[in-house]
Amino acid sequence: MKKHRIGRENQNQEAACRIANAVSDSCVSALPSSLLREIFVRLPVVVVTKCKLVCRAWYKLISESSFADDYGRNSPFTHLLLPINRGIADTISQRLYLLEISENGDCIRRPIKLELLESMKRRFSKFVVGSCSGLLSLSICKPGAEVICVSNPLTGECIELPEHERDRADKSFVLYKMGFSPFVDKFKVLRIACKSWDDSETEKCEIFTVGVDDRWRSLGNLFSRMCIWDDWISLNGALHWILQDSSTAGISTFDLAEEKVGRISHPPGLVLDSSTMNVALFRSQLNLVDCSVPSQITIWTMKEYAIASSWTKDVILKSWFPPDVHVNKLIPVERLHNGDIVFGHCAVLISFNVKKRSVLNLRVLVFRGLLLV
1 MKKHRIGREN
11 QNQEAACRIA
21 NAVSDSCVSA
31 LPSSLLREIF
41 VRLPVVVVTK
51 CKLVCRAWYK
61 LISESSFADD
71 YGRNSPFTHL
81 LLPINRGIAD
91 TISQRLYLLE
101 ISENGDCIRR
111 PIKLELLESM
121 KRRFSKFVVG
131 SCSGLLSLSI
141 CKPGAEVICV
151 SNPLTGECIE
161 LPEHERDRAD
171 KSFVLYKMGF
181 SPFVDKFKVL
191 RIACKSWDDS
201 ETEKCEIFTV
211 GVDDRWRSLG
221 NLFSRMCIWD
231 DWISLNGALH
241 WILQDSSTAG
251 ISTFDLAEEK
261 VGRISHPPGL
271 VLDSSTMNVA
281 LFRSQLNLVD
291 CSVPSQITIW
301 TMKEYAIASS
311 WTKDVILKSW
321 FPPDVHVNKL
331 IPVERLHNGD
341 IVFGHCAVLI
351 SFNVKKRSVL
361 NLRVLVFRGL
371 LLV
């Protein structure tokens with residue numbers, strides 16, 4: 001496994017020096033790591049990135065796998081990573097856009113260049129195949145093999161996973177899922193091969209633990225049947241998705257530490273349908289987005305993880321939106337600290353206030369999709 005740091009030090013060095021000087025003149029440098037972590041998770045993400053350059057202790061603290069997960073849970077800011085559509089017909093733009101939304105709804109927009117190794121830039125067919133806690137997993141294909149790398153677009157760090165030699169199963173549809181387990185403090189990448197894009201029967205499943213494994217490990221046929229188009233989310237050390245077959249339906253889980261499949265309760269009395277529902281992660285809570293009723297969008301929220309009685313719901317009537325909003329194209333992507341729900345709408349973002357039933361456009365560049373940081 002290859003790990004690389006790709007050049008952001010020069011452009012951030014001056015800012016890091018200013019922070020270091022301030023630290024040396026104060027008692028901040030003497031604070032325990034637990035208190036420093038509490039401070040860091042409340043800072044804007046760009047400031048946190050610069051703090052990594054101040055000293056070895058800060059770099060080690062902020063580089064811990066658990067910090068990214070902790071930052072996502074406790075930061076007063078909401079972060080969205082938007083791939084910019086520049087009108088180029090390639091499979092992935094190398095420039096991203098970080099949207100940082102404060103508690104009062106103010107937006108800060110920052111362009112971020114997706115740094116890749118020179119060898120990766122020369123290869124074709126680059127796809128973003130997953131995201132988790134600010135990290136991206138990228139698929140970069142070359143003749144006869146495929147390279148998967150895990151990238152931190154904010155720091156420029158990139159880890160290349162071992163190449164996976166193609167075999168018979170790889171001629172089918174392959175998908176990747178990435179998750180984080182705070183219990184083992186590790187990111188893991190799943191690789192699942194299905195017979196075809198429209199067939200839910202899996203042929204092979206493998207897993208890779210970032211920073212530990214030197215090769216992909218087989219999980220056998222752990223996922224017997226699944227809907228490959230469903231959204232998966234990583235929460236509380238497990239991946240979650242809607243499982244629906246001829247006999248049962250529910251929210252399935254994959255425990256990343258134990259590497260076992262399980263179930264979690266869904267809203268009582270609700271009949272799950274993966275064609276009109278999907279799981280989502282809003283404000284570090286498990287959500288179920290229900291579009292089964294044509295006139296409304298229902299967002300279920302599990303307030304306490306794994307507690308069936310903690311499910312609550314917000315019903316949003318499509319008639320509440322202005323006429324110029326194509327309600328059938330609304331995609332919920334996040335909930336802000338003030339309770340507003342952010343929707344992807346065509347190529348823009350809109351913020352919806354449930355109590356006031358009002359819509360606010362979040363002005364960003366035209367984008368192709370959404371990746372939650």
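For reference, each letter of the sequence shown is one residue, going 1 to 373 in the UniProt record's numbering. For glycine and all other residues, C-beta sits at the position ideal for the given N, C-alpha and C. The model shown is predicted, which means the values in this text are computed figures rather than measured ones.
Contact check between the stretch 299 to 312 and the stretch 261 to 274: three or more CB pairs, one atom from each, fall below 8 angstroms, which counts as touching.
Each of S351, S292, S358, F282 was checked against the Cα of S275, and the nearest Cα belongs to S292. Less than 8 angstroms divides the Cβ of T78 from the Cβ of E334. K186 is not a Cβ neighbour of G220, given a cutoff of 8 angstroms.
In the structure shown, E259 adopts coil according to DSSP, grouped into three states. CA-to-CA, the gap between T253 and H240 works out to about 5 angstroms. DSSP places D324 outside both helix and strand once states are collapsed to three, so it counts as coil. When DSSP states are grouped into helix, strand and coil, K113 belongs to the strand group. Membership of K177 in any alpha helix (DSSP H) is not indicated; the residue belongs instead to the beta strand (DSSP E) covering 173 to 181.
Counting along the chain, I159 sits inside the beta strand (DSSP E) bounded by residues 157 to 160. Counting only residues of its own chain and dropping the five nearest sequence neighbours on each side, S33 has a CB closer than 8 angstroms to the CB of A57, L61. Residue environment: S218 is assigned as exposed (fewer than 16 neighbouring CB atoms within 10 Å of its CB, all protein chains considered). Within the DSSP secondary-structure output, I62 pairs in no beta bridge.
The beta-carbon distance between C107 and L362, rounded to whole angstroms, is 6 angstroms. This is short enough to meet the 8 angstroms contact definition. Taken through DSSP and simplified to helix, strand or coil, F40 comes out as helix.
DSSP, reduced to helix, strand and coil, places D314 within a strand of the structure shown.
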